[in-house]
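Number of protein chains: 2
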Amino acid sequence: MPQRRPVDLAKCYKLLTHGPVTLVTSAHQGQRNIMAASWAMPLDFDPPKLTVVIDANTLTRKLVDASGEFALQIPTRAIARETLAVGSVSGVEGDKFARFGIDTFAAQHIAAPLVHGCVGWLECRVIADASRRYDLFIAEVLAAYADDDVFSDGRWHFPADPLRRTMHYMAGGEFFATGESFRAD
Amino acid sequence: MPQRRPVDLAKCYKLLTHGPVTLVTSAHQGQRNIMAASWAMPLDFDPPKLTVVIDANTLTRKLVDASGEFALQIPTRAIARETLAVGSVSGVEGDKFARFGIDTFAAQHIAAPLVHGCVGWLECRVIADASRRYDLFIAEVLAAYADDDVFSDGRWHFPADPLRRTMHYMAGGEFFATGESFRAD
């Protein structure tokens with residue numbers, strides 16, 4: 017069984033550098049939500065920061081604006097269908113966790129729930145003075161974790177099981193799997 | 017032979033949504049440079065905008081600050097070695113195009129050269145009022161192109177040749193290939 021382990025904050029950018037699709041969870045005063053986000057990337061090393069685009073017309077935006085927090089996490093192909101689903105409908109139509117059978121567990125530093133079936137998790141606090149003009153959130157990473165069968169010692173090392181790999185969103189319900197690794201030097 | 021075709025600006029975000037490693041080229045007053053960037057992503061649809069992190073201590077930063085322009089382009093595995101090389105040394109040590117044998121062609125709207133061996137190209141103008149505090153550049157896309165054997169009608173469709181695929185940077189000289197596509201619905 018994979019074990020979820022803390023990731024050294026100075027290396028947590030490596031969870032995102034390869035550009036996987038992510039899930040954003042948020043919570044405020046008993047309301048919670050989950051959405052998919054492909055437009056997310058690391059921004060700085062230490063203290064670790066990242067950016068993510070959260071459209072102004074989403075429930076996630078409302079909850080992140082109210083709480084100043086969110087979790088960014090990296091799903092595997094095993095939950096590709098759920099990833100697509102939560103990226104396709106709004107949380108204002110009802111709780112997407114219940115609707116799509118998404119299990120969660122508690123974060124340590126924020127109220128947003130963390131999603132089972134992911135392999136990397138980043139607990140984030142919005143940096144208040146960042147520009148909102150472009151729906152671009154800049155946040156500091158408070159804590160990071162990864163499943164040790166796919167990420168340890170600051171690097172990804174996917175096992176043979178294709179369902180344990182991360183993925184990259186294309187369009188129209190289609191993803192790319194994270195492919196084979198190779199050295200270029 | 018693949019043909020380079022214009023990409024509809026309203027769809028050019030699809031060149032970047034899957035999170036590939038990119039090459040950033042820049043030029044100002046006869047000096048030019050090239051670097052690799054993994055921390056790049058789309059920001060908006062129409063007019064198309066994107067963001068990229070360009071460290072303050074780089075020659076690229078100096079040229080982009082001076083010119084207000086850059087090109088962001090998407091290399092294939094065929095030039096993985098060159099991608100790694102230009103991301104590993106600074107242009108202040110000498111012209112990296114000559115040193116690593118990188119061929120270019122002229123852009124249409126900006127002075128920065130475009131790189132042969134890429135499959136997608138985005139000519140960008142920096143939006144001056146964006147936050148520089150985090151080395152985060154926000155730019156508008158002025159023009160986009162892609163090779164029609166890998167991208168057309170707003171979607172990627174990689175051929176069998178593994179060297180024509182895009183790639184995702186991990187760390188330490190190691191990349192992931194963009195893997196097989198699959199539907200999640």
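Here the protein sequences line up with chains A and B, keeping their order. In this text, residue positions in the first sequence follow the working numbering: the first is 17, and each later residue adds one. In this text, residue positions in the second sequence follow the working numbering: the first is 17, and each later residue adds one. Even for Gly, the Cβ is constructed at its ideal location relative to N, Cα and C.
Cβ closer than 7 Å: which chain A residues qualify as neighbours of residue i?
{"i": "Gly46 of chain B", "result": "Near Gly46 of chain B there are no residues of chain A at all, since even the closest Cβ is about 30 Å away, more than 7 Å."}
Alpha carbon to alpha carbon, how far is residue j from residue i? Give it in angstroms, no decimals.
{"i": "Pro18 of chain A", "j": "Phe167 of chain A", "result": "10 Å"}
{"i": "Arg149 of chain A", "j": "Ala160 of chain B", "result": "24 Å"}
{"i": "Asn49 of chain A", "j": "Gln89 of chain A", "result": "13 Å"}
{"i": "Gly84 of chain A", "j": "Ala56 of chain A", "result": "17 Å"}
{"i": "Leu158 of chain B", "j": "Trp137 of chain B", "result": "11 Å"}
{"i": "Asp165 of chain B", "j": "Leu152 of chain A", "result": "33 Å"}
{"i": "Asp177 of chain B", "j": "Leu39 of chain B", "result": "21 Å"}
{"i": "Asp23 of chain A", "j": "Phe121 of chain B", "result": "According to the sequence shown, residue 23 of chain A is Val rather than Asp. Each residue's Cα considered, the two are about 43 Å apart."}
{"i": "Arg77 of chain A", "j": "Ala200 of chain B", "result": "25 Å"}
{"i": "Val105 of chain A", "j": "Gln47 of chain A", "result": "16 Å"}
{"i": "His173 of chain A", "j": "Ala193 of chain A", "result": "14 Å"}
{"i": "Phe61 of chain A", "j": "Ser54 of chain B", "result": "14 Å"}
{"i": "Arg20 of chain B", "j": "Leu32 of chain A", "result": "30 Å"}
{"i": "Asp111 of chain B", "j": "Asp111 of chain A", "result": "55 Å"}
With the cut-off set at 8 Å, would you say residue i and residue j are in Cβ contact?
{"i": "Met186 of chain A", "j": "Arg93 of chain A", "result": "no"}
{"i": "His125 of chain A", "j": "Glu139 of chain A", "result": "yes"}
{"i": "His34 of chain B", "j": "Gly35 of chain A", "result": "yes"}
{"i": "Gly133 of chain B", "j": "Pro175 of chain B", "result": "no"}
{"i": "Phe116 of chain B", "j": "Ala101 of chain B", "result": "yes"}
{"i": "Ile143 of chain B", "j": "Ala128 of chain B", "result": "no"}
{"i": "Ala52 of chain B", "j": "Gly107 of chain B", "result": "no"}
{"i": "Ile70 of chain A", "j": "Glu98 of chain A", "result": "no"}
{"i": "Pro63 of chain A", "j": "Cys28 of chain A", "result": "no"}
{"i": "Val131 of chain B", "j": "Arg180 of chain B", "result": "no"}
{"i": "Ala123 of chain B", "j": "Ala162 of chain B", "result": "no"}
Taking C-beta pairs closer than 7 Å, name the residues in chain E that residue i reaches, listed in chain order.
{"i": "His34 of chain B", "result": "This model lacks chain E altogether, as its protein chains are A and B."}
Name the DSSP beta bridge partners of residue i, please?
{"i": "Glu85 of chain A", "result": "A:Arg141"}
{"i": "Trp172 of chain A", "result": "A:Phe167"}
{"i": "Val131 of chain B", "result": "B:Thr120"}
{"i": "Val68 of chain B", "result": "B:Ala56, B:Phe153"}
{"i": "Ala43 of chain A", "result": "A:Arg48"}
{"i": "Pro91 of chain A", "result": "A:Cys134"}
{"i": "Tyr185 of chain A", "result": "A:Phe191"}
{"i": "Thr38 of chain B", "result": "B:Ala53"}
In chain B, which residues lie with their C-beta within 7 Å of the C-beta of residue i?
{"i": "Pro175 of chain A", "result": "Here the premise fails: no neighbours, minimum Cβ distance about 14 Å."}
How would you list, in chain order, the residues of chain A whose beta-carbon sits under 8 Å from the beta-carbon of residue i?
{"i": "Gly170 of chain B", "result": "Ala187"}
{"i": "Lys112 of chain B", "result": "Correct list: empty, because the minimum Cβ distance to chain A is about 15 Å."}
{"i": "Ala56 of chain B", "result": "Met57"}
{"i": "Glu196 of chain B", "result": "Phe192, Ala193, Gly195"}
{"i": "Ala78 of chain B", "result": "Position check: residue 78 of chain B holds Lys in this sequence, whereas Ala was assumed. By Cβ distance, chain A contributes nothing, its closest Cβ being about 20 Å from Lys78 of chain B, past 8 Å."}
{"i": "Ala96 of chain B", "result": "Phe198, Ala200"}
Assuming residue i contacts residue j under a Cβ cut-off of 8 Å, what Cβ separation, rounded to an integer in Å, is found between them?
{"i": "Ser42 of chain A", "j": "Val80 of chain A", "result": "5 Å"}
{"i": "Phe191 of chain A", "j": "Ser197 of chain B", "result": "7 Å"}
{"i": "Gly13 of chain B", "j": "Lys30 of chain B", "result": "Past the edges of chain B, shown from 17 to 201, lies residue 13 of chain B, and the structure says nothing about it."}
{"i": "Leu59 of chain B", "j": "Leu66 of chain B", "result": "5 Å"}
{"i": "His209 of chain A", "j": "Ala82 of chain A", "result": "Look at the range of chain A in this structure, 17 to 201, and you will see that residue 209 of chain A is not part of it."}
Along chain A, which residues have their Cβ under 9 Å away from the Cβ of residue i?
{"i": "Thr99 of chain B", "result": "Ala200"}
{"i": "Tyr150 of chain B", "result": "Leu59, Asp60, Lys65, Thr67, Ile143, Ala146, Ile154"}
Name, please, each residue of chain B whose Cβ falls closer than 9 Å to the Cβ of residue i.
{"i": "Val69 of chain A", "result": "Met57, Pro58, Leu59, Asp60, Thr67"}
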